[in-house]
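Q: Residue numbering for the sequence shown follows full-length UniProt numbering, beginning at 1 and increasing consecutively. The structure follows.
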Amino acid sequence: LVPLPTDPISSKLPKNLLSDQNLSSQPCVTKEDDQWVSFSNYGLQWCLKELSKEELQTFKELLRKKHSRSTTSALPWTEVDNTNTESLASLLHEYYERPTAWTMAIDIFEEMKLLTLSEKARDEMKKHSTDTVPEDAAPVRTDQGPSKEEAPETSQARGQDEAAAAETQDQDDDTDRRDYKAHVKSKFAIKSDSHNGSENAASDWPEMQMLADIFNPDQRGFRPRTVVLHGRSGVGKSALARRVILRWAEGALYQDLFNYVFFLHASDIKWREESSFVELLAREWPHPQFPATEILSRPGRLLFILDSFDDLDSAPGLCAGKLCTDWTERRPRCALVRSLLKKALLPESSLLVTVRDVGMEQLKSLIVSPLYLVVGGIPVQRRIQLLLEHIPSEHRKMQVLHSVVDNHRLFDQCQVPAVCLLICSALELQEAVGKSLAPTCQTLTGLYATFVFHQPTPGAALQRCLSYEERAVLKGLCHVAVQGVWSRKSVFSSDDLRAHGLSAFELSSMFPMSLLLQGVHGERRYAFVHLSLQDFFAALYYVLEALEKETSSCSLFFEAAQSWLELKQTGIDSRLARVKHFLFGLMSREVMRTLEIRLGCPVPQGVVKRELLHWVSLLGRQATASAPADVIESFHCLFETQDEDFVLEALDSFQDVRLPISQRMDLIASSFCLRHCRHLRRIRVDVKDLFLKDEFAVWPTIPPWMQTRTLMDECWENFCSVLATHPSLRQLDLGSSILSDWAMKVLCAKLRHPACRIQTLILKGAQVAPGLQHLWVTLLTNRNIKHLNLGNTLLKEEDVKMACEALKHPNSLLESLRLDSCGLTQICYLMISQVIHKSTSLKTLSIAGNKVTDWGLKPLCDALRLSWCSLQRLILENCGLTAVSCQVLALALTDNHSLTHLCLSNNNPEHEGLSPLSRAIPDSGLRWLLLDQCNLDVAGCGYLAFALKDNRRLTHLSLNKNPLGDSGVKLLYEVMREPSCHLQDLEVADCRLTAACCGSLSHVIVRSKHLKSLDLAGNALGDTGMAALCEGLKQRTSVLQRLGLEACGLTSDCCGALLLALSHNQHLTSLNLVRNNFSPNTVKKLCSAFARPTSNLRIIGLWKEQYPAQTQRLLEELQRLRPGLVVDGDWYSHGEDDRYWWKD
1 LVPLPTDPIS SKLPKNLLSD QNLSSQPCVT KEDDQWVSFS NYGLQWCLKE
51 LSKEELQTFK ELLRKKHSRS TTSALPWTEV DNTNTESLAS LLHEYYERPT
101 AWTMAIDIFE EMKLLTLSEK ARDEMKKHST DTVPEDAAPV RTDQGPSKEE
151 APETSQARGQ DEAAAAETQD QDDDTDRRDY KAHVKSKFAI KSDSHNGSEN
201 AASDWPEMQM LADIFNPDQR GFRPRTVVLH GRSGVGKSAL ARRVILRWAE
251 GALYQDLFNY VFFLHASDIK WREESSFVEL LAREWPHPQF PATEILSRPG
301 RLLFILDSFD DLDSAPGLCA GKLCTDWTER RPRCALVRSL LKKALLPESS
351 LLVTVRDVGM EQLKSLIVSP LYLVVGGIPV QRRIQLLLEH IPSEHRKMQV
401 LHSVVDNHRL FDQCQVPAVC LLICSALELQ EAVGKSLAPT CQTLTGLYAT
451 FVFHQPTPGA ALQRCLSYEE RAVLKGLCHV AVQGVWSRKS VFSSDDLRAH
501 GLSAFELSSM FPMSLLLQGV HGERRYAFVH LSLQDFFAAL YYVLEALEKE
551 TSSCSLFFEA AQSWLELKQT GIDSRLARVK HFLFGLMSRE VMRTLEIRLG
601 CPVPQGVVKR ELLHWVSLLG RQATASAPAD VIESFHCLFE TQDEDFVLEA
651 LDSFQDVRLP ISQRMDLIAS SFCLRHCRHL RRIRVDVKDL FLKDEFAVWP
701 TIPPWMQTRT LMDECWENFC SVLATHPSLR QLDLGSSILS DWAMKVLCAK
751 LRHPACRIQT LILKGAQVAP GLQHLWVTLL TNRNIKHLNL GNTLLKEEDV
801 KMACEALKHP NSLLESLRLD SCGLTQICYL MISQVIHKST SLKTLSIAGN
851 KVTDWGLKPL CDALRLSWCS LQRLILENCG LTAVSCQVLA LALTDNHSLT
901 HLCLSNNNPE HEGLSPLSRA IPDSGLRWLL LDQCNLDVAG CGYLAFALKD
951 NRRLTHLSLN KNPLGDSGVK LLYEVMREPS CHLQDLEVAD CRLTAACCGS
1001 LSHVIVRSKH LKSLDLAGNA LGDTGMAALC EGLKQRTSVL QRLGLEACGL
1051 TSDCCGALLL ALSHNQHLTS LNLVRNNFSP NTVKKLCSAF ARPTSNLRII
1101 GLWKEQYPAQ TQRLLEELQR LRPGLVVDGD WYSHGEDDRY WWKD
C-alpha cells in the first residue's frame, strides 16, 4: 500500500494511485516503461470492471471480430475466453501497442452503446498517452502482462499466475472491507447511543424503512444518486444517518449496492486546509495506509454520507471556484465537498446529505437531481411508548403523559428519544421539589431549568447554593454553548472543553444525568444531548453575563436596529432563532427565582429584558414590514415567560396583528398573548390543518382516556373567547382559514357574547361554507357587527337565501355586505334585491366579480328606484355589464337619490350605455364615479364632460387605464375650468397622455377652485410636461393638494422647475415621484426643499432602495427632522381612509 503523501507534491500524482507489488519477478524492462505500462494497464482494468458478466462476454466476442480483421499476431483465444477483467487488460497491453489497446476497447464500448464508459475510457487514455512517467509516481500494485521481448509460449502460464493474483487481490479487498466495517461498528455503536436510545429508535422510523430501497431504480427506471434528509433542527437526521452506516457495517443494508460507505461530518472538516479527496477519506480508514485505487476505481459502488450540511455555511469558497474532478488533486476541502455535491468528483457515486430546513436553499444550488425525504422523527405511537418506558412509577405514568402530550410543543420535542428522557427526568425532578404538572402552562424553559438547576443538589438540600467550582463549570458550559451557536457548531472537542476550564469528570460529577454525549463522531468528541439543550445554555449565558465585568464577544445588541428590516439584515435574528425562546423563558419569575437561589445572589435582568422588549416592539410598531411567522414566533417566545406584566409591556405597541395558526400550541400561545394586547384593533388569523382530521386517528393504541379528550376543542374555544371579548378589537379577518362546521359554530357562538365589540368580519378567501348557517344567527344577535365580507366564498342559493332572511330581519344592523366572486346566480340577485328593498341599515353592497346579466340587474335596479332605498354605495366591478345593463342602471339613477358612490370599473358600457348614464348623472346624487378600464375613448370623454357640466354633486371621477389620449382629456379640462364644475379628484393614470396636454392641465390647476387631487401616473409627460405643470403649481391660486406623477418619465432636468414650484406652493401635501429617473444629487436637492419650514408636504412617494446608501440615509434623516413626514414607495397606501372605498 502507498503511504498517503502529506506535501503538495502529491497533487502531481496520476489519478489512479495503485498499490505496491514485488516486481522482482517481472521481465527486465526499463523502470519508466514498466511503471507507465502498469498505470495504463490498470486504467484499462478500471474501465473493464464496469462491465457486467454478460457485457464482458459481448466485449470478448466483438474483440474476436475486430481482431480477425487486423494484421497483428493472434491473441490466445482460449486464454481470452477464460480470463477475468484484470488479465484481459494485461493481454490487450501485451499483444497491442498501448494506444491501440485503448482504441480497440473504446471502439467496442461504442459499438455496445456504452457511451458513458467510452467517454471515461477516452479520458483515461489521454492521461496515459504521454511517453514519460511522472518523477514522483508512487510504486504500484498491479497485474503486469509479459513484455514484448517475452516469448509468447509463456503467456498461458503467466495468465494463470495473473488469475491467481486476481483471486489474491479479491481476498485482500474482502479483508480491507471487513476491517473497515469493524471500524465503523466500533465507532458508531457508541455507549452514548445506547444511553439515549436514538440509534435503536431510528430503526423504527418510517424514514429508515424508506431508506432501505431509496437508491434502487423506481418504476420509471430513475435511480437517485443524491438523497437529501431534511427537517427541523434536532429532529434526528444525524441519528438516522449514523444508523444507515451502522446497518451497512452490520451487513443489514445496501450489501448489493455499495462496497463502501463513508461518513463525513461537516464539523470535523477544517475547510480552510488543503488536501486531496483521498487524504480526506483516509482519515476515516482504520489503518495507516489507505487502498485508494481499489476503493475509488469503482465509484458506482460508493456511498458518501455528508452530515450537517448547515455547518458548511461559513466555509469559505464553498460556492465559488473551479470544480475538482481528480481525487488526488489537493484543493481546499470546501471545494472538494462542493465538487462531490455537484457530481464533478466521482459522479457515479451516491450521496446521502442531512440538512436542517434553514439550510435547504443553499444546498439546492449545489446538488444535481436530488430526491428529498423529510425526517419527521419518531412516530406518535412510538413517542408515547418511549415516554411510558422512561417512567418507572406506574401511578405516575398517566400524569406525566397528560403533562407532555397535552403540551404540543413539549410533545413535538419528543420526536428525538434523548429529549423524551430529558423531559421525563425534568418532570421527575419537578415532583421532587414539589412543583405541579400543569398541562398547558408547562414550558420547555421551565423543564430544562429544573433539569439543570436541581441536578447538582445532593439528597434533600434543595436550597443549597452552588459552590465556586460548580458555578465555574456552569459558566464554562454556557460559554461553550453560545460560541457553538454563533459559529454554527454542535460537536466539540476535548480542547474546546479545556479552553473553558471543563473536563468530562467535572461535568459528570455535577450533572449525574448527562448533559453531553461523548463519542460523537470520535471518542474525544462531545455534543449536547439535544440541540435545544445547547440553545438553553446559550440563552443562560446572556443572563449570567450580567454578573460578569468583561464585555461579551457574542453580544445581542438588538437595540442597534431601529427597524425590523435592519434587525433581519444583521443576521442576529436567524442565528439566535432558537435561543430566543429560552431567553424569554429565562425571564420567568419562577425560573429566575430558582436561578438566584442556586447562585446565591440576585441576577440583574435589565439589559436582557430591555433587548427582548425592543425586539418585540419592533414587530408591533412596523406591522406591515414584519412577516406573520415572526409574529407567531414572538408569541411563542412571550408564552415561555408566563409573566403577564412582561407580556403586557412587550405588546403595548401592537395594534394590527397577523397570525398563521397551524398547530395547537399556536392557539395556546396566541390566546395567552392576545389577552395582553391592550391596543389591538385589527387581527388576521390564517387557521390551517387544525380541523382537517381527527387528531387521535393516527394513534391506534392511544389510551382510551385520551381518545375521549377534546383538547383541541378547548384550545379553539379559548382562542375564540379571547377574540370575541377583547375590549378594543374591532376587525377580525379569517384570511385563508379552513374551518369545519364545528369550528364555525364555536366561533359564531363566541361572537354572540354581549362583550363582543368586533365591527368588521372578513371571511374573504376563507373556506367556511360548511358552517355559514351559524353566521346568520350571529348577525341577528350581535348588533355591533356592521361590515361583512364573504368574498371568494362559493355560495349556494340556499346560503344566499339564509343570509338574506337574516339581513331583512329588523334586528340586523349590518351596514356593508361584500359578496365578490361568490358565484351568484340570477335567483341570488332577486333575493338580494329584497334585502335592498327592506333593510334600512345596509349602506354598501358589492357583487364585484359575479356575472350579472341584464335580467339579473333589473331586480336590483328596481329596488334602487324605491323612494325609501337607503343604499349609498354599489360596486359592480367586473360584472360583465353591457350597454343594455347601463341603460337599465341609468333609469334607476334618475329616481334614486341615496346612492352616492358607484363603481362600474372593468366593464364595457360602450357609447350606447355611457350616453344614458352621463345624462342621468347630473340628476342623481352621485359623488364618486369609477369607470376604470372601461375602454373609454374621446367620444366617451365627451359624454362625461356633459355629466360634469353644472354638476355640483360629482366630486370624484376615476378613469384610469382608458385610452383617452390628449384629445379626450382636453374635453374634460375645458369643463373643469368652469366655476360650475365642482370636481375635486380626477384620476387619469395610464391613459396615454403626453406633454401636449400639460399646458391645458396647468390652466385647470390655476383656475379651478375645487380640484384638490390629480393622479397622472403612468403617462409619458416627460420633463417638458412637468415644466408646464410646475407653471400652474407655483401660482398662488392653485389649491391642488395631492399630485401623482409615478412613472411619468421625469429626469433630473426638470428638477429646477419642480424646486421653484415647491418653493411657492403652500397647499401641496402629497406628491408621488416613484419610478422616475432622478439622480442622487437631484434627490439631495429635493430633500432640501422638502425640509423647508414653509413646505406642507406630508406624504412623498419615493423608493429609498432605488438610491445609494448615502441617499437613503439622507431620506431617513429628512424623516427624523420632520416626524410627521412619510417617505415611502407605496404612495397609494397612505391616502385618506375613504379614498379606496370600493376595495376590500
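The C-beta atom is built at its ideal place from N, Cα and C for all residues, glycine as well. Remember, predicted model here, so these are calculated numbers, not experimental data.
At a cut of 8 angstroms, does the stretch 441 to 451 reach the stretch 494 to 509 through at least three beta carbon pairs?
A: Output reads no: the stretch 494 to 509 does not touch the stretch 441 to 451.
Q: Does the structure place the stretch 1110 to 1123 close enough to the stretch 1052 to 1063 that three or more beta carbon pairs sit under 8 angstroms?
A: The stretch 1052 to 1063 vs the stretch 1110 to 1123: no contact.
Q: When you compare the CB positions of V884 and D854, do they come within less than 8 angstroms of one another, or not?
A: By one-based count along the sequence shown, residue 884 stands at place 884. By one-based count along the sequence shown, residue 854 stands at place 854. Yes, the pair counts as a contact, with Cβ atoms nearer than the cut-off.
Q: Indicate the three-state DSSP secondary structure (helix, strand or coil) for W248 in the structure shown.
A: In the sequence shown, counting from the first residue as 1, residue 248 sits at position 248. W248 falls in the helix class under three-state DSSP.
Q: For I827, count neighbouring C-beta atoms within 10 Å of its own C-beta (all shown protein chains included) and say buried if the count is 16 or more, exposed if not.
A: Looking up residue 827 in the sequence shown gives position 827. Under this definition I827 is an exposed residue.
Q: Is the number of C-beta pairs between the stretch 711 to 724 and the stretch 769 to 776 that are closer than 8 angstroms three or more?
A: They do not touch, by the three-pair rule.
Q: When burial is assigned at 16 or more other CB atoms within 10 Å of the CB, is E644 buried or exposed?
A: Your numbering for residue 644 matches position 644 in the sequence shown. That one is exposed.
Q: For the stretch 332 to 345 against the stretch 380 to 396, do three or more pairs of beta-carbon atoms, one drawn from each stretch, fall closer than 8 angstroms, so that the two count as touching?
A: Judged by Cβ distances under 8 angstroms, the stretch 332 to 345 makes no contact with the stretch 380 to 396, as fewer than three pairs qualify.
Q: Which partner residues of W928 appear in the DSSP bridge assignment?
A: Residue mapping note: residue 928 aligns to position 928 of the sequence shown, counting from 1. Per DSSP, H901, H956.
Q: Helix, strand or coil for E470 per DSSP?
A: Within the sequence shown, numbered from 1, the residue matching residue 470 stands at position 470. E470: helix per DSSP, three-state reduction.
Q: Can you pull the DSSP bridge partners for F528?
A: As a position in the sequence shown, residue 528 is number 528, starting the count at 1. The partner list for F528 (beta bridge, DSSP) reads L516.
Q: Tell me whether Y1140 is buried or exposed, calling it buried when 16 or more other Cβ atoms sit within 10 Å of its Cβ.
A: Within the sequence shown, residue 1140 is the residue found at index 1140, counting from 1. So Y1140 ends up on the exposed side.
Q: Which value, in whole angstroms, describes the spacing of the CA atoms of A1028 and P979?
A: Taking the sequence shown and counting its residues from 1, one reaches residue 1028 at position 1028. Taking the sequence shown and counting its residues from 1, one reaches residue 979 at position 979. Those two C-alpha atoms are separated by around 22 angstroms.
Q: DSSP on Y260, reduced to helix/strand/coil?
A: For the purposes of this step, residue 260 is taken as residue 260 along the sequence shown, with counting starting at 1. DSSP places Y260 in strand when its eight states are reduced to three.
Q: Should the stretch 1036 to 1046 be called in touch with the stretch 996 to 1016, which here means at least 3 C-beta pairs below 8 angstroms?
A: Yes, since at least three Cβ pairs between the stretch 1036 to 1046 and the stretch 996 to 1016 fall closer than 8 angstroms, the two stretches touch.
Q: Report back the beta-carbon spacing between H1064 and K1034 to the nearest angstrom; my notes put them in contact at under 8 angstroms.
A: In the sequence shown, residue 1064 corresponds to position 1064, counting from 1. In the sequence shown, residue 1034 corresponds to position 1034, counting from 1. Sure, about 4 angstroms apart at Cβ, within 8 angstroms.
Q: Are the beta-carbon atoms belonging to H897 and W928 less than 8 angstroms from one another?
A: Indexing the sequence shown from 1 puts residue 897 at position 897. Indexing the sequence shown from 1 puts residue 928 at position 928. Cβ distance not < 8 angstroms, so H897 and W928 don't count as in contact.
Q: Between the Cα of D630 and those of L891, L576, V591, L240, spot the shortest distance and give me the residue it belongs to.
A: In the sequence shown, residue 630 corresponds to position 630, counting from 1. Closest option to D630, Cα to Cα, is L576.
Q: Jot down the residue ranges of each uninterrupted alpha helix (DSSP H) in the stretch 279 to 304, minimum 4 residues, whole runs only, in chain order.
A: With a minimum length of 4 residues, the continuous alpha helix (DSSP H) runs that stay inside the stretch 279 to 304 are 292 to 296.
Q: Whose C-beta lies closer than 7 angstroms to the C-beta of S118 among residues of the same chain, with five residues either side of it excluded?
A: For this step, residue 118 is matched to residue 118 along the sequence shown. Result list for S118: I106, F109, E110, in chain order.
Q: I'd like the span of the beta strand (DSSP E) that includes E987, first residue to last.
A: Here residue 987 is taken as the residue at index 987 of the sequence shown, counted from 1. Looking at the DSSP string, the run of the beta strand (DSSP E) that includes E987 is 985 to 987.
Q: Only counting runs of 4 or more residues, tell me where the alpha helix (DSSP H) segments fall wholly within the stretch 1012 to 1090, in order along the chain.
A: Complete alpha helix (DSSP H) runs here, min 4: 1022 to 1033, 1055 to 1064, 1080 to 1090.
Q: Please report the Cβ distance between K1084 and T1111, rounded to the nearest whole angstrom; I am assuming they are in contact, meaning their Cβ atoms lie under 8 angstroms.
A: Counting from 1 along the sequence shown, the entry for residue 1084 is found at position 1084. Counting from 1 along the sequence shown, the entry for residue 1111 is found at position 1111. So it is a contact: roughly 7 angstroms between Cβ atoms.
Q: Can you tell me which of the three DSSP states E559 falls into?
A: Numbered from 1 along the sequence shown, position 559 holds the residue referred to as residue 559. Confidence at E559 is low in this model, with a pLDDT of 47, below 50, so its placement is unreliable and the value that follows should be read with caution. Correct three-state label for E559: helix.
Q: Any heavy atom of the ligand FAD closer than 7 angstroms to the Cβ of Y95?
A: Absent from the structure shown: the ligand FAD. Ligands present: none.
Q: According to the Cβ coordinates, are E649 and L613 closer than 8 angstroms?
A: Counted from its first residue, the sequence shown places residue 649 at position 649. Counted from its first residue, the sequence shown places residue 613 at position 613. Cβ distance < 8 angstroms, so E649 and L613 count as in contact.
Q: Would you call the stretch 278 to 291 and the stretch 239 to 249 in contact, with 3 or more CB pairs under 8 angstroms?
A: No: the two stretches stay apart, fewer than three of their Cβ pairs being nearer than 8 angstroms.
Q: Alpha carbon to alpha carbon, how far is K1012 from P316? Give it in angstroms, no decimals.
A: Here the question's residue 316 lines up with position 316 in the sequence shown. Here the question's residue 1012 lines up with position 1012 in the sequence shown. With a pLDDT of 46 at P316, under the threshold of 50, the modelled position of this residue cannot be trusted; read the value that follows with caution. Whole-angstrom Cα-Cα distance: 58 angstroms.
Q: Under a Cβ-count criterion, where at least 16 other Cβ atoms within 10 Å of its own Cβ denotes burial, should H956 be classed as buried or exposed?
A: Here residue 956 corresponds to residue number 956 of the sequence shown, with the count starting at 1. H956 is buried by the Cβ-count criterion.
Q: My assumption, with CB atoms under 8 angstroms, is that L936 sits in contact with L959. Please give the rounded CB distance.
A: By one-based count along the sequence shown, residue 936 stands at place 936. By one-based count along the sequence shown, residue 959 stands at place 959. Sure, about 6 angstroms apart at Cβ, within 8 angstroms.
Q: Are A266 and F215 closer than 8 angstroms when you measure CB to CB?
A: The residue you call residue 266 lines up with position 266 of the sequence shown. The residue you call residue 215 lines up with position 215 of the sequence shown. Not a contact, by the Cβ cut-off of 8 angstroms.
Q: Determine the DSSP secondary structure at Y943, reduced to helix, strand or coil.
A: The residue labelled residue 943 in the question sits at position 943 within the sequence shown. DSSP places Y943 in helix when its eight states are reduced to three.
Q: Could you give the uninterrupted runs of the alpha helix (DSSP H) lying entirely in the stretch 580 to 620, keeping only those of 4 residues or more?
A: You should have 589 to 599.
Q: Between the C-alpha atoms of S653 and S1070, what's the straight-line distance to the nearest angstrom?
A: What you label residue 653 is simply residue 653 of the sequence shown in a count that begins at 1. What you label residue 1070 is simply residue 1070 of the sequence shown in a count that begins at 1. Roughly 27 angstroms between the two C-alpha positions.
Q: Does the stretch 858 to 877 come close enough to the stretch 827 to 837 that 3 or more CB-CB pairs lie under 8 angstroms?
A: Touching, yes.
Q: Can you tell me whether DSSP reads residue 1145 as helix, strand or coil?
A: Outside the modelled stretch of the chain, which goes from 1 to 1144, sits residue 1145, for which no answer is possible.
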